[in-house]
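Residue numbers (my numbering), protein chains in the order written: chain A, -13 to 524; chain B, -4 to 264.
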């Protein structure tokens, strides 16, 4: 007669710093009555949990609160967080009239702000409407030699601030066209008489003939000429001063009337022709170079990493106070040099990015801006990951990085490898398993389970994280057979008690779902407790 | 013969002493004159130029400029608010940041808390600088009276306006100052100081627009379009993002916070 002994093997998932054990236990099943008692207790416990969960849910029901105790408006929060003398409605804020989102229009500035509650808009003196009003339609506002893609009222406001006539083009319907429309305007010297003296302003033809830039006086326009041209006979002449111009990257000479002249070139300071006719960027000194910190040439190039700035001490130009500042970053934290505007990912903790993230780690995006390396964190608990790629143009590489949401949430719901590893929808990987053994996590079938590629972080100091890690619990029932004349031998699921595969696989699942199991933190310190193997029974 | 020789010697010695004394007196007088010119520079200029070097606008600008700059910095750090006492805010590293956009929930974009940032900024500046502006108007009156003018002023009010590259303070006050046949009348007086806070405010408004629509903003794009702009972004564990928008040249700063499209930690929430 053969006896059967059945063993339970349990793999309990835990997180690193708090809950103590990962245990392997072997149970000997004795009789069916005991099982029935255990099942009954289990059912009672489950019912109790469901009831308490319902009660907890009732407690956390939110209402639409006009203003919270924290002075924030139109929030869906529990009633206890609402200011007592403010409106509270037991519904979502989007269903109320006073907290409904809409567009807030500022009639003074001509600006429109979406997603604004009505009461917030009205309290601040704006005009609220549920849909985008016509006043918020965008068009091209020409402001001298610059342009802005803004509503009409905004255009009037900007024009009045700059002392210009309103020039609004509603036929231009996108920003790129708007900017291009002003880039090729003809510029030159606008000569006019003021206080019986012939003077000059460097401006566009339209502004000159319209009297916009010459104290209201309409002048005579000389295309392609600078105000310092001797032949014009004005009171403006060459000087040794330089300046930076709004919207321009280069350093420019300034004439004695304050008008910009050509790009700064110290070798041309006494060149009469250089002070007569307008020279383009390509006709100026070192046109294909950044000219960073060059004392003699102000032909800066923003794309190459230089821009007009006031010169710092020790880096003075030959003439004037402006110089092409170097905007690139030399020897950053990772030892490499980067150009202005480049961004790259940094993951500098003791874990690695192949699923073995350290507890407390997160991704960082570094940016080189104005010669300074700045960093921007991606969301904590690894809810965002950093992605990096290179743009290659003319043989030059330009690194770009961005923080992107870590789409791990529906990994557990995938039951096959194809859906699991669909990178269009999620960031998951398929973890092979030799046997499922009652694994609570996910929707496992024989062969594997879908886990996050970058595991999310946990608030491991809170008790509810134990529930999360317990999902990695699995039970392996080992069957033995023993006869009168034969020794006890394992006949089913014997791999569970052998060294190797089963334990390693399930340890991997445990640490893959979140900050569970044995691990280190982001500075390399090991967790308080590791994994214990306990054998119980015979 | 010997006596004759002494007389020239005696005479020369006396002359030397007198010469030295004269030179000494001249030097003392010159040093005194320099000191007096240095001390009474303004009054001398007034006497020489007939007292015409006085601009009320310039006077007011000098009076209010420092206070205005200080308050611009303060309001900029408080996200356009004069005081954070009744404003939703978050504390980080010892500083407080006003929420311009906020939601207490997860997975949803924020609700705008301050849609008219520029107007709020101007209102806050007016609250903080108003007292100093009135004091300066009082000082202006005293200055005119000190110069012998009869000075009358109607009801006055100061308004602050933020403009591209400047902050303007307008003293709406009908003023009349007269002295003999000279009469000056002003409906209002204006003073402007250089400031880049206008751009910072509108960049911040754009960031708030992105936060309320998409749940986040791409700050690198702004910095590439505006070479003088620096934006520092710090994401906190609770889903709050703190923004510091500053001008690399003027060093002015505008700070605020936003909580939008927050993801809770782990499998909960």
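For each residue, glycine too, the CB sits at the ideal point set by N, CA and C.
| Asked | Found |
| --- | --- |
| Heavy atom of the ligand HEM within 7 Å of residue 448/A beta-carbon | Ligands are entirely absent from the displayed structure, and the ligand HEM is therefore not among its contents. |
| Residue(s) in a DSSP beta bridge with residue 60/A | DSSP output for residue 60/A lists no bridge partner at all. |
| Any C-beta of chain A under 8 Å from that of residue 204/B | yes |
| Residue 148/A - partner residues in DSSP beta bridges | Paired residues: none, contrary to the question. |
| Stretch pair the segment 49 to 58 of chain B + the segment 105 to 124 of chain B: three plus CB contacts closer than 8 Å | no |
| Runs of beta strand (DSSP E) lying entirely within the segment 451 to 475 of chain A, each at least 3 residues, in chain order | 460 to 468 |
| Exposed unless 16 or more other CB atoms sit within 10 angstroms - verdict on residue 65/A | exposed |
| Residue 158/B, enclosing beta strand (DSSP E) - first and last residue | 152 to 158 |
| Inter-stretch contact (C-beta, 8 Å, three-pair minimum) for the segment 460 to 478 of chain A and the segment 243 to 253 of chain B | no |
| Per-residue burial, residue 34/B [other beta carbons within 10 Å of its own, 16 or more giving buried] | exposed |
| Extent of the continuous beta strand (DSSP E) run through residue 173/A | 173 to 180 |
| Chain A contact for residue 243/B (CB, 8 Å cutoff) | yes |
| Cutoff 8 Å: residue 129/B Cβ touching any chain A Cβ | no |
| Residue 253/A, buried or exposed, once every other Cβ within 10 Å from all chains shown has been counted against 16 | exposed |
| Residues of the segment 95 to 127 of chain A with Cβ closer than 8 Å to any Cβ of chain B, in chain order | 95, 97, 99, 100, 101, 102, 103, 106, 107, 110, 111, 112 |
| CB of residue 237/B within 8 Å of CB of residue 92/B, strictly | yes |
| Below-8 Å beta-carbon distance, residue 113/B vs any chain A residue | yes |
| Local Cβ density within 10 Å of residue 249/A, reported as buried at 16 or more and exposed below that | buried |
| Chain B residues whose Cβ lies nearer than 8 Å to that of residue 443/A | 260, 261 |
| Residues within the segment 452 to 476 of chain A neighbouring chain B, beta-carbon criterion of under 7 Å | 454 |
| Coarse secondary structure for residue 394/A, derived from DSSP in three states | coil |
| Boundaries of the alpha helix (DSSP H) in which residue 84/B is found, first to last residue | Here residue 84/B belongs to no alpha helix (DSSP H); instead the beta strand (DSSP E) covers 84 to 87. |
| C-beta neighbour in chain A for residue 215/B, strict 8 Å | yes |
| Residues of its chain near residue 78/B, where Cβ-Cβ distance is below 7 Å and the 5 sequence neighbours each way are ignored | none |
| Cβ pair residue 143/A, residue 183/A closer than 8 Å | no |
| Inter-residue Cα distance where the pair is residue 452/A and residue 499/A | 12 Å |
| Neighbourhood of residue 71/A by C-beta, 8 Å cutoff - its chain only, sequence neighbours within 5 removed | none |
| Per-residue contacts from residue 227/B into chain A (C-beta, under 7 Å) | 360 |
| CA-to-CA distance, residue 240/B to residue 119/A, given in whole angstroms | 30 Å |
| Beta-carbon neighbours of residue 201/B, restricted to chain A and to distances below 7 Å | Chain A residues near residue 201/B: none, gap ~10 Å exceeds 7 Å. |
| Helix, strand or coil at residue 230/B according to DSSP, with G and I counted as helix | strand |
| Secondary structure of residue 437/A, DSSP reduced to three states | strand |
| Beta bridge counterpart(s) of residue 114/A as assigned by DSSP | 90/A |
| Beta strand (DSSP E) segment containing residue 167/B, residue limits | 161 to 174 |
| Same chain only: Cβ atoms within 7 Å of residue 164/A, ignoring 5 sequence neighbours per side | 126, 133, 135, 158 |
| Residues that DSSP places opposite residue 544/A in a beta bridge | The structure shown has nothing for residue 544/A, since chain A only spans -13 to 524. |
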